[in-house]
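Residue numbers (the working numbering): -1 to 151. Each residue gets a CB set at the ideal place from its N, CA and C atoms; glycine is no exception. None of the values given here were measured: they were computed from a predicted structure. Heads up, the thing below is written out as structure tokens.
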């Protein structure tokens, strides 16, 4: 694993849990949220891939820039495009900070049929999230993988 105090932190999984009840989710979530809070990182850029049926084999990489806990920039990076594609500012509300990823996990632990989460070892942020809200439905699943995080402090 390559680890740099400043710069890009590569994905390293500390633990993986499949939640079937709040007790396990509570313990894992609290411990890893504590690691993230203790790091005190308020400004960062992270890259993630969100898998869905629309582009299962080649998910676009989404780059989210967060300053002082607020999303201030979003862009897409696709292998089949020459340049990154910026997202309009009015659409930033659809993208999450790392703190909001923790909230997504917390909410899903109470309502999802299946939830799988893996946390990054050093900073504790959710590095992989899979949520299936309803086994009977197709296409409502959420699956995302944080591939890197770069601090800006």
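Contact set for residue i: own chain, Cβ-Cβ below 8 Å, skip 5 residues either direction
i           : result
residue 64  : 40, 41, 42, 43, 44, 70, 95 and 96
residue 59  : 45, 46, 47, 74, 75, 76 and 145
residue 132 : 111 and 138
residue 20  : Because residue 20 sits at a pLDDT of 41, beneath the cut-off of 50, its placement in the model cannot be relied upon, and the following sentence gives the value as read from the coordinates. So the list reads 107 and 108, once near-sequence residues are dropped.
residue 103 : 23, 27, 113, 115, 124 and 127
residue 93  : 60, 62, 69, 72 and 85
residue 32  : 122
Environment of residue i [buried if 16+ CB atoms lie within 10 Å]
i           : result
residue 116 : buried
residue 124 : buried
residue 34  : buried
residue 109 : exposed
residue 26  : buried
residue 121 : buried
Pick from the options that is closest to residue i, judged by C-alpha positions
i           : options          : result
residue 149 : 37, 143 and 24   : 37
residue 28  : 118, 100 and 142 : 100
residue 90  : 122, 31 and 67   : 67
residue 105 : 120, 78 and 128  : 128
residue 154 : 61, 135 and 32   : Residue 154 falls outside the range modelled here, since the chain spans only -1 to 151, and no answer is possible.
Proximal residues to residue i (C-beta, below 6 Å), its chain only, five neighbours per side dropped
i           : result
residue 130 : 111, 112 and 139
residue 142 : 46, 48 and 127
residue 151 : 41
residue 88  : none
Per DSSP, the bridge partner or partners of residue i
i           : result
residue 110 : Note: residue 110 sits in no beta bridge, so no partner.
residue 127 : 115 and 142
residue 83  : 74
residue 63  : 43 and 71
residue 49  : 141
Sequence-distant residues of its chain with Cβ nearer than 7 Å to residue i (five each side left out)
i           : result
residue 191 : Here the chain covers residues -1 to 151 and nothing more, so residue 191 does not appear.
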